[in-house]
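Throughout the sequence shown, residue numbering follows mature numbering (1 follows the signal peptide of the UniProt record, and there is no 0), covering -23 to -1, 1 to 414 in sequence.
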Amino acid sequence: MLQKSFFTFALCFLIAWPTIGLADTEASAKKKFLAGIQAFQQENLVKARTLLEAAAEALSSKALTYNLGVVYYRLGEYDKSRQMFEALLPTNQRALAFYNLGLIALAEDDTTKARRAFRDAARNSSKENLTKLAYGQLKELGSELPSQPWQALVSLGTGYEDNIALFPDSAATTLDSSFFESVNAVSGYPLRSGNHALKILAQLYGRRYNEYKGFDTYLARLELAWAYLPDGYRFNLGIGGDQLWQGSESREQRMRVFTDFQVKGCLRDNARDRCTLGLEAEQVEAAERYRPYDGQRYQFETKYRTRFGDWTWDARYRVDYNDRRDLDTGTESFSVSPLTQTAKLGLDYEVTSNWSLGASANYGFRHYQTDHRLQIPEGLLTIRREDNRFAYSLKTAYKLTSALSMSLDVEQVQNNSNIDRYDYDRRTATLSLAVHL
């Protein structure tokens, strides 16, 4: 299908370019050039090559160079075709030349060169149709889309959540409320030299409940990282910080160092998948009211993502180790230092180019590092807390335009603990409108 799109695209250029740069050429060469285009349109490729080569003896123009490259490509003369398109790289047709070089690489079964050429085409293109064609080729190759110098996201949503306070199942009532949610993010590479780059990420998140304002949550995040971005893999090493508010009060500040390493084509050919390993160490400074949460958090995460046609599979495994101050009231004590293992499986299906469906399942096991000491009617209970947490979600998203999308997310979370007061269920539904810049 993409090959067909290319020929339609190429034909448009063959029709549109005949008069570029020909005003001062000899009349006979011009006639040969136009006759060569006509022969191409009639699928007489040998005659088109003869006429265009004859015209090239007297003419020198981007249009002629491009058209010769297309004819050579159609005839399977890839070396000559490559020479024509490489000659266009220093011109304002650089993006188009890269795209055609990618097609040549595909024809020669060199997917590595093809991915590189299509990424260069997308990066250099100012025309939406050419960008879409390049992205389509990258998608078919299972390649990650090229990183833009700067990207931004503005998302506004509304939804409803039951059991905001995570009351246990035995509670007579729960706290339920609708909410307004905002997600804003910007990331980019302010400095880049070859495969090395400086990456910046800034995020603002907020959720405001129409009732129970004490549960309102706001987060500000800033990260700075050195990125190494060669073909086939990428490496990041950085630092970051968060400020978290709950209600109208500051809850905690976080400072961290992190690194991650990603490899494309780790388990399958043609880079249709990618594997990621990540490490993170974080220092948490909690406000006075939340002082038991002071301490450190360490994280290890591995991810695997692959694509089969219109299906995308995502698998993740993460380990979080917390070393917090914990809470001791004198009579009772509570551990807030769990060792958590989380496994997640996700599946997305692209119904059309604009509409997608997704589902995921998440299981987490928490083992707390120290005992809980709880006052119960029978006396004092000492127990090591363990939780089994299950989460399920369904999502649908629709692209209204290339920059505007709408999504609906529904999630259910169930926590089963060996301490009854920590058993809970929670359901959330969110409708969002997002702008990608």
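Even for Gly, the Cβ is constructed at its ideal location relative to N, Cα and C.
By a C-beta neighbour count over all protein chains shown, 10 Å radius and 16 as the cutoff for buried, is residue i buried or exposed?
i    : result
S102 : buried
D353 : First, the amino acid is wrong: residue 353 is Ile here, not Asp. It counts as exposed.
N44  : buried
K190 : exposed
R268 : exposed
R362 : buried
V48  : buried
R301 : buried
I14  : buried
P315 : buried
T42  : buried
R398 : exposed
Have a look at residue i and residue j and give me their C-alpha separation to the nearest angstrom.
i           : j    : result
N69         : D325 : 38 Å
residue 457 : E262 : Because the chain here runs from -23 to 414, residue 457 falls outside it and cannot be looked at.
L181        : L334 : 26 Å
L(-2)       : D87  : At L(-2) the pLDDT is 41, less than 50, meaning the model places this residue with poor confidence; the figure from the coordinates comes in the next sentence. Those two C-alpha atoms are separated by around 36 Å.
E30         : D56  : 15 Å
A202        : A380 : 27 Å
K90         : G79  : 7 Å
K176        : V390 : 34 Å
D250        : L168 : 28 Å
N172        : D271 : 39 Å
S113        : W290 : Residue identity check: residue 113 is Gly in the sequence provided, not Ser. Using only the alpha carbons, I get a separation of about 19 Å.
T308        : K280 : 43 Å
Y166        : F157 : 31 Å
A98         : K109 : 10 Å
F311        : L358 : 12 Å
residue 483 : E327 : Absent from the structure is residue 483, since the part of the chain shown begins at -23 and ends at 414.
Assuming residue i and residue j form a contact by the criterion Cβ under 8 Å, report the distance between their Cβ atoms to the nearest whole angstrom.
i    : j    : result
I81  : R96  : That pair is no contact at about 15 Å.
L73  : L52  : That belief does not hold up - the Cβ atoms of L73 and L52 are roughly 19 Å apart, past 8 Å.
V313 : D297 : Contact doesn't hold; Cβ gap of about 12 Å is too wide.
E257 : F235 : 4 Å
Looking at the C-beta of residue i, does it have a partner C-beta in chain B at a distance below 8 Å?
i    : result
V261 : In the displayed structure, chain B is absent; only one protein chain is listed.
Grouping DSSP H, G and I as helix and E and B as strand, with all else coil, what is residue i?
i     : result
A40   : helix
A35   : coil
A258  : strand
G13   : helix
L22   : helix
I81   : helix
Y50   : helix
P269  : helix
A98   : helix
L(-2) : Summary for L(-2): the model assigns pLDDT 41, below 50, so the residue's position carries little reliability; its value from the coordinates is reported in the next sentence. Reduced to three states, the DSSP call for L(-2) is coil.
Q346  : coil
L115  : helix
K372  : strand
A91   : helix
message: Three or more C-beta pairs under 8 Å: does that hold for the segment 112 to 119 against the segment 383 to 397?
response: no
- prompt: Are the segment 399 to 408 and the segment 126 to 133 in contact at 8 Å, needing three or more beta carbon pairs?
  reply: no
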